[in-house]
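Working notes, structure below.
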Amino acid sequence: MDLNKDINQFDIPLAKRTYLNNPNSILLKKLLIFSPFLFLIFSIAALRLIKNIELKPISNLKSQVDGSHDHRILGHLPYNEIPKDKLVLIEPNIEVHIDMRDSLLKMREEARNDGIYLVFLSGYRSINLQNDIFYSLKSIRNQEAAERARVSAPPGYSEHSTGFAIDIGDATQREKDFETEFENTDAFRWLKKNAAKFHFKLSFNKNNKYIDYEPWHWRYEGSIEALKVFETSNNDFKSN
Ligand SMILES: [Zn+2]
4 MDLNKDINQF DIPLAKRTYL NNPNSILLKK LLIFSPFLFL IFSIAALRLI
54 KNIELKPISN LKSQVDGSHD HRILGHLPYN EIPKDKLVLI EPNIEVHIDM
104 RDSLLKMREE ARNDGIYLVF LSGYRSINLQ NDIFYSLKSI RNQEAAERAR
154 VSAPPGYSEH STGFAIDIGD ATQREKDFET EFENTDAFRW LKKNAAKFHF
204 KLSFNKNNKY IDYEPWHWRY EGSIEALKVF ETSNNDFKSN
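Each residue of the sequence shown is one higher than the one before, starting from 4 at the first, in the working numbering.
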C-alpha cells in the first residue's frame, strides 16, 4: 500500500503563513515593541497602590495618637457658642441655656428638700471668657497648655460655651469647690444618686481617658439640642 498516495487523496491544503497580514498580529507586534514601556507604567501604578495601602494605617495611627480623628484638642471636643437669645440668667453671674433652666432649678429645690444645699459656681462661659481663663491661668501658674487643659478646656473647646454645662458646689463645704475632694460632699453624693432624674450627667468621670475627673462639672442632656451637642462625646464614651 502506498502511503503518500493515500494522503494525497484527501487533498489537504498547505498551511499558509498569513498571520503577518492579520490585524491581530500587527497589534501583537506593537505590543512587543512597547512592552518595556507598558511594564514601566504598570510597575509605577503598582508601586503607588502599595504605597497607599501602606500609608493608610500609619495615618490612622497618627490621628489616634494625637486624638485628631474627632477634632479634639488636648482631649477636649470643639463646641459652638450658644446664640445669645437662648441664654437665661438664673442668678447674678450665672447664665444657662433656656432648655435646662427649669430642670436645674427643680433639681436644686429637690436637693434642698432633702437637706442638701447646691451652689451653682459657673454656667455659660463665652469663648472670650474661656480664652481669658485659659491663657491667664496658664501664665500665672506657668503651666504647659496640655497640663492646663486638664483643668480648664481651651477656648472653643469648653462645654460651658454651649450653655448646657454647670459647675456645682456644696454650700456647706465651699473649700471643696472645683476640687476632686468635692466627691466626698453630701452634695456630690446626692447628685450622683439624683441628677439623672433631672437629665444631668457627669461629663468627666473617672473613666474618661482624655480629661481629669471633675466631680463638680455636670451637663444637661434633657433636650434634643443638648443631645445633639454632646453626641460625639457620648459616642466616644460608648466606644471606650
Ligand atoms: Zn465646668
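The beta carbon of each residue, even a glycine, is placed where N, CA and C say it ideally should be.
Exposure label - residue i; buried when at least 16 CB within 10 Å
i	result
histidine 100	buried
isoleucine 119	buried
isoleucine 136	buried
isoleucine 171	buried
threonine 165	buried
alanine 156	buried
alanine 190	buried
threonine 183	exposed
isoleucine 169	buried
glutamate 112	exposed
leucine 34	exposed
serine 236	buried
phenylalanine 207	buried
asparagine 238	exposed
proline 60	In this prediction, proline 60 scores a pLDDT of 40, lower than 50, which makes its location untrustworthy; the coordinate-derived value is nonetheless stated afterwards. Its Cβ having fewer than 16 others within 10 Å, proline 60 is exposed.
lysine 179	buried
phenylalanine 40	exposed
leucine 194	buried
arginine 115	exposed
arginine 222	buried
Heavy atom of ligand 1 within 7 angstroms of residue i beta-carbon
i	result
histidine 163	yes
alanine 168	yes
histidine 220	yes
serine 125	yes
glutamate 184	no
glutamate 84	no
glutamate 244	With the chain covering only 4 through 243, there is no way to say anything about residue 244.
glutamate 98	no
glutamate 217	yes
Residue(s) in a DSSP beta bridge with residue i
i	result
glutamate 98	Leu92
leucine 205	Trp221
aspartate 173	Leu121
Residue i (DSSP reduced to helix, strand or coil)
i	result
aspartate 189	helix
leucine 124	strand
alanine 168	strand
histidine 79	strand
aspartate 117	coil
proline 39	helix
serine 236	helix
tyrosine 138	helix
lysine 200	helix
phenylalanine 181	coil
lysine 212	coil
serine 46	helix
serine 129	coil
isoleucine 29	helix
methionine 156	One detail in the question is off: residue 156 reads as alanine in this sequence, not methionine. Correct three-state label for alanine 156: coil.
glutamate 162	helix
isoleucine 227	helix
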